[in-house]
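J.: Could you have a look at this structure, given as structure tokens, before my questions?
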Amino acid sequence: MFEATEITRLIQQGLPCDYVQIQGDDGVHFTGVVVSAEFSGKPKVRQHQAVYATLGPLMGNEIHALQLQTYTPEQWASVRQELGL
Numbered sequence: 001m002f003e004a005t006e007i008t009r010l011i012q013q014g015l016p017c018d019y020v021q022i023q024g025d026d027g028v029h030f031t032g033v034v035v036s037a038e039f040s041g042k043p044k045v046r047q048h049q050a051v052y053a054t055l056g057p058l059m060g061n062e063i064h065a066l067q068l069q070t071y072t073p074e075q076w077a078s079v080r081q082e083l084g085l
């Protein structure tokens, strides 16, 4: 079983991020939000691939599923404003 905090650490280690939040209670299924300037100009599929690359062979093995929401810093600021955060 894997901890959400370890996934957060690995993502932050492998990708320059402004914000990372990973959640999951069962140790194999996780959801998360990742904000990175590296995502600028990339389609969502490439953004998700960049995050998955930070986790390497853990994806599909120790980590069965990771449902992502990815944003550039500008998109994240807009989302936060819309949500009133």
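Residue 31 in UniProt numbering is what sits at position 31 of the sequence shown, and the numbering runs on without skipping anything. Idealized CB from N, CA, C, for every residue including glycine. All values reported here derive from a predicted model rather than from experimental measurement.
I'd like the span of the beta strand (DSSP E) that includes Ile63, first residue to last.
T.: From DSSP, Ile63 is part of no beta strand (DSSP E); its letter is neither H nor E.
J.: Which of helix, strand or coil does DSSP assign to Val28?
T.: Of the three classes helix, strand and coil, the one that applies to Val28 here is coil, per DSSP.
J.: The alpha helix (DSSP H) spanning Leu10 covers which residue range?
T.: Per DSSP, Leu10 belongs to the alpha helix (DSSP H) from 4 to 14.
J.: Tell me where the alpha helix (DSSP H) around Ala50 begins and ends.
T.: Ala50 -> alpha helix (DSSP H) spans 44 to 55.
J.: Would you kindly report the start and end of the unbroken alpha helix (DSSP H) that includes Glu74?
T.: That run of the alpha helix (DSSP H) goes 73 to 83.
J.: Report buried or exposed for Val51, applying the criterion of at least 16 other Cβ atoms within 10 angstroms of its Cβ.
T.: Counting Cβ neighbours within 10 Å, Val51 comes out buried, since at least 16 surround it.
J.: Given Phe39, which residues of its chain have a CB within under 6 Å of its CB, disregarding the five upstream and five downstream residues?
T.: So the list reads Gln47, Thr70, Thr72, once near-sequence residues are dropped.
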